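According to our numbering, the stretch in the sequence shown is residues 17 to 88, in order.
Worksheet: the structure to be examined is printed underneath.
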Amino acid sequence: MIRTLIISLILLLLAVLPVEAQCAMCRAVLESEEGNEAAKGINNGIIYLMIFPYLLVGGIGYAIYKMRKRAL
């Protein structure tokens, strides 16, 4: 059961669709500029910053899993 859950979560994390979004103010400023390079840079920066909370939560979850497995 746990193994299936972990495999499902890993597959879910790997099957990420490319999504680009930003706050309303950033979007308004970026849409008014010519070219999409600045918008792509902002979107990539947002995605880069979002990775670390997920890695942290995943690492803590993995550590808890290992401790509970070791206790059995």
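From the three backbone atoms N, C-alpha and C, an ideal C-beta is built for every residue, glycine too.
This structure is a prediction, so every number in the text was calculated from the model and none was measured.
| Asked | Found |
| --- | --- |
| CA-to-CA distance, Ala44 to Tyr64, given in whole angstroms | 21 Å |
| Contiguous beta strand (DSSP E) assignments of at least 3 residues, all confined to the region 40 to 88 | none |
| Pairwise C-alpha distance: Met83 and Ile26 | 20 Å |
| Best match in Met17, Leu29 and Arg19 for proximity to Val73 [C-alpha to C-alpha] | Leu29 |
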